[in-house]
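Colleague: I'd like to ask some things about the structure below.
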Amino acid sequence: MQSTIFEPTNLPELPQPGFINQWVLESPTPLALASLAIVTILFGTLRTTQYAKKIGIPVLAAGLIFAGTLFLVGFFITTDAENLKTKSHALVNAITETDRLSLESLLDEQVRVQTRFTSRSGRVRILDLAQAQVAPIIESAVIKEVRTGLYGPQIARTYIKIKTKGDMIPPLSWWMLDWTRLSPTSDNWVVTHIEPLWIQGITNPAGSK
């Protein structure tokens, strides 16, 4: 049985991004630094030989161009995973700040919330729940981690670890959000389902049988 006190280490696996998405578009820094290190070592080895100008300088230039390109690509291109992480932060902020308009834009019309305390469907009912019952008891909420997984071009899931402060609410929790992209050519993702994976001190937080 999963502990209700200690944070779980065995959350369900999410689909992992491909090499290009992970190391070129989302996290280019390690690959760029590795390429710089390699060409610097090669240049240092060749510079005292007769091949310094013929091979060493072109290799160094190519490495610098490659690393610079990686940084630029990573800076200017926003992946779906990065977009979903941003929207996950926006959703939590909208709830804690009672920003109904922002929250409405992030929810599907038929969104469903499932917990052991309540089960509701429909955007209007969820907005009312967030405004009347959730926001008043939360003083602050900080997202500590977001994990993303894409199941297709229009279907995704995020896990969000949240640290909250407020009266009579557990300090740590993990939540699962299901997302759908409204159009294949759009960056507009909306939440279709919300349920807790783990809430500190709460048994069976999703109320599953």
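In terms of the numbering used here, the sequence shown has 29 at position 42, counting the first letter as 1, and numbering is strictly consecutive.
A virtual CB, placed ideally from N, CA and C, is assigned to each residue, including glycine.
Note that the coordinates shown come from a computational prediction; the quantities given were computed from them, not determined experimentally.
1) Looking only at its own chain, which residues have a Cβ that is under 8 Å from the Cβ of P140, when we skip the five neighbours before and after it?
2) Out of curiosity, what's the CA-to-CA distance linking V100 and A117?
3) Within 10 angstroms of the Cβ of M163, are there 16 or more other Cβ atoms? Answer buried if so, exposed if not.
4) Sort out for me which residues DSSP pairs D165 with in a bridge.
5) When the Cα atoms are used, what is the spatial distance from I147 to S160?
6) Between P(-6) and the rest of its own chain, which residues show a CB-CB distance below 6 Å, the 5 nearest in sequence each way excluded?
7) Ignore the nearest five residues each way along the sequence and tell me which others in P2's own chain have a CB closer than 8 Å to its CB.
8) Does the Cβ of I149 have 16 or more other Cβ atoms within 10 Å, making it buried, or fewer, making it exposed?
Modeller: In short:
1) Within the sequence shown, residue 140 is the residue found at index 153, counting from 1. Excluding positions up to five away in sequence, the list reads R168 and P171.
2) Residue mapping note: residue 100 aligns to position 113 of the sequence shown, counting from 1. Residue mapping note: residue 117 aligns to position 130 of the sequence shown, counting from 1. If I take the Cα positions, the gap works out to 11 Å.
3) Locating residue 163 in the sequence shown gives position 176, where the first residue counts as 1. Buried.
4) Walking along the sequence shown from the start, residue 165 turns up at place 178. As a beta-bridge residue in DSSP terms, D165 pairs with R144 and H180.
5) Here residue 147 corresponds to residue number 160 of the sequence shown, with the count starting at 1. Here residue 160 corresponds to residue number 173 of the sequence shown, with the count starting at 1. Using only the alpha carbons, I get a separation of about 8 Å.
6) Reading the sequence shown from its first residue, position 7 is the one you call residue -6. The amino acid occupying residue -6 in the given sequence is Glu; Pro does not appear at that position. Here the set comprises nothing.
7) Here residue 2 corresponds to residue number 15 of the sequence shown, with the count starting at 1. These residues qualify, in order along the chain: G136, L137 and Y138.
8) Within the sequence shown, residue 149 is the residue found at index 162, counting from 1. Label assigned to I149: buried.
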